[in-house]
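The listed protein sequences correspond, in order, to chains A and B. Per this note's numbering, the first sequence starts with residue 1, numbered consecutively. Per this note's numbering, the second sequence starts with residue 201, numbered consecutively. Just so you know, even glycine gets a beta-carbon here, dropped at the ideal spot from N, CA and C.
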Amino acid sequence: MKVPSFAFVVLAGLSLSACVSVKEPIGTSVGYVNDPALEGLWLSAPDDKKPPSYIHVLANDDNTFTVVGVAQKHGDDKASWGVLQVTTVRLGANRYMNVHEVSEDGKPKEADGPDANIPLLYTLSGDTLSLFAFDDKKTKDAIKAGRIEGKITQNKFGTGSYDTVAITADGPHLDAFLKAMDAPDLFGPVMVLHRVPPPR
Amino acid sequence: MNKFRVVLAVMAALLLSACYPPVTRSPVGTTAAQTPDPVLLGTWKGNSSDGKPSYFHFLLQRGGTITAIIVESGPKAEDWNYVTLTTAALGANRFMNARMLLSNGIPEGGDPAVQPNGTVPVLYRIDAKGVLTLSMMDEAATKAAIRAGKIKGTIEKGDMGDAVITAAPAALDKFLQTPAGLALFANPFFTLKKVE
């Protein structure tokens, strides 16, 4: 699956989600409604190596979010910015987003098809937004157990190999599956963002 | 006339004119060293002259240009803009030469081909407290200066006609080091403080 390079810079954690694709975005059977709790400015959790990235979440009238991410130059990493389009949906008690990369450093991204969409689970706790992506192994187990329709393809890479995991269930089946209370168990953490209080 | 949508969105000071601010055919500062001002690089937050909060991210690019990503903040924030700029100092004054590329993801004017033939000069100052102010040329004052022959330029027909300063680089730089040249810059349309 194609991994947005912007994600490596600004939403680095999302790269982990690249192992599992979905045939259709999450929530197509119920429709999208912007989660107002996401609006505003978020900072990625800083680590010892990199300063935080700025993640601006702007609500659009058509129930999509435009996300503008900015990472300043740091060491050998050049300054970078990118734009994502995000839809959000609530299935039962679970909150999901579909992330689509629009552009990187002002250049349009033309990814299309299932690979263009990154499905994420998210939770909000106070001013902390946690993002989770499908866990490769757990999703494979769910497919093998017949819990969700999918395809596991082994790919050769050098002397080794890796698996590509594709959930091939259609929208209604995917949504029904992800509505279950235990659906979050299939996901693993990818990144944590902290809200920046709005200017007064 | 190009609609300068970012003005409507971010640079509220130009709401009344709703047209492209004065541009210079040649960037300001070509007779001096045009080097990216390192003081700008980083993230700034502040308010437009009408109180709307925004973040300005200045990112150094290869080739000595700076990308500015300007994102509205606060309740109902919805606008963002992508600007490329160069910086230059003329005497004690510092200038940006700005070109709007995208407004909410859409090429300014709807088509890159309709970009004005020039750049928007922005006078910027950073005071002792680290407050950055941005000022653009006042449209009426610039037109008056062109009509009075103080600086060479063109004015499109009509009240909303765009003003383009066409003076040669040396004449432009010389003019902008005079009180008359600096007086063309209006009150700041943005006041910002660096985010540490």
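Next item on the list: Determine which residues of the segment 277 to 308 of chain B have a Cβ less than 8 Å from any Cβ of chain A, and write them out in chain order.
Entry: Cβ contacts with chain A: 277, 278, 279, 280, 282, 301, 302, 304, 305.
Next item on the list: Say whether chain A places a C-beta atom closer than 9 Å to the C-beta of residue 262 of chain B.
Entry: Locating residue 262 of chain B in the second sequence gives position 62, counting from the first residue. Between residue 262 of chain B and chain A, the shortest Cβ-Cβ separation is below 9 Å.
Notebook entry, point to check: Going along chain B in order, which residues have a C-beta closer than 8 Å to the C-beta of residue 68 of chain A?
Noted result: Numbered from 1 along the first sequence, position 68 holds the residue referred to as residue 68 of chain A. Using a Cβ-Cβ cut-off of 8 Å, residue 68 of chain A is close to 269, 271, 280 of chain B, given in chain order.
Next item on the list: Please list the partners that residue 259 of chain B has in chain A, where partner means a Cβ-to-Cβ separation under 8 Å.
Entry: Here residue 259 of chain B is taken as the residue at index 59 of the second sequence, counted from 1. Per Cβ cutoff of 8 Å: 70, 72, 73, 79, 80, 81.
Next item on the list: Please list, in chain order, all residues of the same chain as residue 79 of chain A whose beta carbon is under 7 Å from its beta carbon, the five residues on each side excluded.
Entry: For the purposes of this step, residue 79 of chain A is taken as the residue at position 79 of the first sequence. Hits under 7 Å: 71, 72, 73.
Margin query: Can you confirm whether residue 103 of chain A, when its beta carbon is compared against all beta carbons of chain B, has any partner nearer than 9 Å?
Written below: Position 103 of the first sequence, counted from the first residue, corresponds to residue 103 of chain A. Yes, residue 103 of chain A lies at the interface with chain B (some Cβ there is under 9 Å from its Cβ).
Check: Using 9 Å as the limit for Cβ to Cβ distance, is residue 240 of chain B near chain A?
Finding: The residue you call residue 240 of chain B lines up with position 40 of the second sequence. Cβ-Cβ to chain A under 9 Å: no for residue 240 of chain B.
Next item on the list: Answer yes or no: do residue 175 of chain A and residue 66 of chain A have a C-beta to C-beta separation smaller than 9 Å?
Entry: As a first step, residue 175 of chain A is located in the first sequence; it is residue number 175 there, counting from the start. As a first step, residue 66 of chain A is located in the first sequence; it is residue number 66 there, counting from the start. Cβ atoms of residue 175 of chain A and residue 66 of chain A: not closer than 9 Å.
Margin query: By the 8 Å beta-carbon criterion, what residues does the segment 221 to 248 of chain B contribute toward chain A?
Written below: Against chain A - using a Cβ distance shorter than 8 Å - the residues of the segment 221 to 248 of chain B are 241, 242, 243, 245, 247.
Notebook entry, point to check: Quick one, are the C-beta atoms of residue 386 of chain B and residue 341 of chain B less than 9 Å apart?
Noted result: Taking the second sequence and counting its residues from 1, the one referred to as residue 386 of chain B is at position 186. Taking the second sequence and counting its residues from 1, the one referred to as residue 341 of chain B is at position 141. Their beta carbons are under 9 Å apart, which means residue 386 of chain B touches residue 341 of chain B by this criterion.
Next item on the list: Ignore the nearest five residues each way along the sequence and tell me which others in residue 154 of chain A's own chain have a CB closer than 7 Å to its CB.
Entry: Indexing the first sequence from 1 puts residue 154 of chain A at position 154. Excluding sequence neighbours, residue 154 of chain A sits near 161, 163.
Check: Residues of chain A with a CB under 7 Å from the CB of residue 330 of chain B: which are they?
Finding: Your numbering for residue 330 of chain B matches position 130 in the second sequence. Against chain A, a Cβ distance below 7 Å from residue 330 of chain B picks out nothing, because the smallest value is about 17 Å.
Margin query: For residue 261 of chain B, which residues in the same chain have their Cβ closer than 7 Å to its Cβ, ignoring the five residues on either side in sequence?
Written below: Taking the second sequence and counting its residues from 1, the one referred to as residue 261 of chain B is at position 61. Excluding residues within five positions, the ones whose Cβ falls inside 7 Å are 267.
Check: Got a sec? Which residues, its chain only, sit under 6 Å from residue 138 of chain A by beta carbon, not counting five neighbours each side?
Finding: Here residue 138 of chain A refers to the residue found at position 138 of the first sequence. Cβ contact annotation for residue 138 of chain A (same chain, cutoff 6 Å, sequence separation greater than five): 186, in chain order.
Notebook entry, point to check: Do you know how far the Cα of residue 337 of chain B is from the Cα of residue 375 of chain B?
Noted result: Numbered from its first residue, the second sequence carries residue 375 of chain B at position 175. Numbered from its first residue, the second sequence carries residue 337 of chain B at position 137. Approximately 13 Å between the Cα atoms of the pair.
Next item on the list: Within the same chain, show all residues whose beta-carbon is closer than 8 Å to that of residue 132 of chain A, passing over the 5 residues directly before and after it, in chain order.
Entry: In the first sequence, residue 132 of chain A corresponds to position 132, counting from 1. Closer than 8 Å at the Cβ level, and outside the excluded window around residue 132 of chain A, lie 120, 121, 122, 123, 184, 187, 188, 189, 190.
Item checked: chain A contact for residue 388 of chain B (CB, 9 Å cutoff) -> Numbered from 1 along the second sequence, position 188 holds the residue referred to as residue 388 of chain B. Chain A places no beta carbon closer than 9 Å to that of residue 388 of chain B, leaving this residue out of the contacts.
Next item on the list: List the residues of chain B that residue 198 of chain A touches, going by C-beta distances under 9 Å, in chain order.
Entry: Position 198 of the first sequence, counted from the start, is the residue given in the question as residue 198 of chain A. Those are 253, 273, 274, 275, 277, listed as they occur along chain B.
Notebook entry, point to check: Thinking just about the alpha-carbon of each residue, which of B:223, B:231, B:240, B:224 is nearest to the one in residue 324 of chain B?
Noted result: The residue labelled residue 324 of chain B in the question sits at position 124 within the second sequence. For the options B:223, B:231, B:240, B:224, the alpha carbon positioned closest to that of residue 324 of chain B is the one of B:240.
Check: How big is the Cα-Cα spacing for residue 130 of chain A and residue 195 of chain A?
Finding: Stepping through the first sequence from its first residue, residue 130 of chain A is reached at position 130. Stepping through the first sequence from its first residue, residue 195 of chain A is reached at position 195. The straight-line gap from Cα to Cα measures roughly 11 Å.
Notebook entry, point to check: When DSSP builds the beta bridges, which residues end up paired with residue 155 of chain A?
Noted result: If you number the first sequence from 1, residue 155 of chain A lands on position 155. For residue 155 of chain A, which the question treats as bridged, DSSP gives the partners A:162.
Notebook entry, point to check: Which word fits residue 252 of chain B, buried or exposed, when buried means at least 16 other C-beta atoms lie within 10 angstroms of its C-beta?
Noted result: On the second sequence, residue 252 of chain B is found 52 positions in, with the first residue counted as 1. A residue is called buried once 16 or more other Cβ atoms fall within 10 Å of its Cβ, and residue 252 of chain B is buried on that count.
Check: Can we say the segment 26 to 41 of chain A touches the segment 88 to 96 of chain A, given the rule of at least three CB pairs closer than 8 Å?
Finding: As far as the Cβ criterion goes, the segment 26 to 41 of chain A touches the segment 88 to 96 of chain A, which means the pair count is three or higher.
Next item on the list: May I have the straight-line CA-CA distance separating residue 165 of chain A from residue 177 of chain A, to the nearest angstrom?
Entry: Here residue 165 of chain A refers to the residue found at position 165 of the first sequence. Here residue 177 of chain A refers to the residue found at position 177 of the first sequence. Answer to the nearest angstrom: the Cα atoms are 17 Å apart.
Next item on the list: Count the other CB atoms, across all protein chains shown, that sit within 10 Å of the CB of residue 222 of chain B; report buried if there are 16 or more and exposed otherwise.
Entry: Here the question's residue 222 of chain B lines up with position 22 in the second sequence. Looking at its Cβ environment, which holds 16 or more other Cβ atoms inside 10 Å, residue 222 of chain B is buried.
Notebook entry, point to check: Nearest chain B C-beta to residue 100 of chain A closer than 9 Å, yes or no?
Noted result: Position 100 of the first sequence, counting from 1, holds the residue named residue 100 of chain A. Chain B, which has no Cβ nearer than 9 Å to the Cβ of residue 100 of chain A, makes this no.
Check: Could one say the Cβ of residue 173 of chain A lies closer than 9 Å to chain B's Cβ atoms, at least one of them?
Finding: Start at 1 with the first residue of the first sequence, and residue 173 of chain A comes out as number 173. Proximity of residue 173 of chain A to chain B, defined by a Cβ-Cβ separation below 9 Å, is not satisfied.
Check: Name the chain B residues that come within less than 9 Å of residue 59 of chain A, Cβ to Cβ?
Finding: Within the first sequence, the letter at position 59 stands for residue 59 of chain A. What residue 59 of chain A touches in chain B: 276, 277, 278.
Next item on the list: State the beta-bridge partners of residue 405 of chain B as determined by DSSP.
Entry: In the structure as shown, chain B begins at 201 and stops at 396. Residue 405 of chain B is therefore absent and cannot be evaluated.
Note to self: So for residue 174 of chain A, helix, strand or coil by DSSP?
What the structure shows: In the first sequence, counting from the first residue as 1, residue 174 of chain A sits at position 174. In the displayed model, residue 174 of chain A falls within a helix according to three-state DSSP.
Margin query: According to DSSP, residue 21 of chain A sits in a beta bridge with which residue or residues?
Written below: As a position in the first sequence, residue 21 of chain A is number 21, starting the count at 1. Beta-bridge pairing by DSSP links residue 21 of chain A to A:166.
Notebook entry, point to check: Taking the runs of the beta strand (DSSP E) that are 3 residues or longer, which of them lie wholly in the segment 14 to 102 of chain A?
Noted result: If only uninterrupted beta strand (DSSP E) runs of at least 3 residues are considered, those enclosed by the segment 14 to 102 of chain A are 20 to 22, 40 to 44, 54 to 59, 65 to 71, 80 to 91.
Item checked: Runs of alpha helix (DSSP H) lying entirely within the segment 219 to 287 of chain B, each at least 4 residues, in chain order -> Listed in chain order, nothing qualifies, since the segment 219 to 287 of chain B has no complete alpha helix (DSSP H) run of 4 or more residues.
Margin query: Using only the alpha-carbon positions, how far apart do residue 351 of chain B and residue 55 of chain A sit?
Written below: Along the second sequence, read from residue 1 onward, the residue named residue 351 of chain B stands at position 151. Along the first sequence, read from residue 1 onward, the residue named residue 55 of chain A stands at position 55. For residue 351 of chain B and residue 55 of chain A, the distance between alpha carbons rounds to 43 Å.
Item checked: 9 Å Cβ cutoff, residue 41 of chain A in contact with chain B -> As a first step, residue 41 of chain A is located in the first sequence; it is residue number 41 there, counting from the start. Answer yes: the Cβ-Cβ gap between residue 41 of chain A and chain B drops below 9 Å somewhere.
Next item on the list: Would you list the residues sitting across from residue 394 of chain B in a DSSP beta bridge?
Entry: The residue labelled residue 394 of chain B in the question sits at position 194 within the second sequence. Residue 394 of chain B is bridged to B:244.
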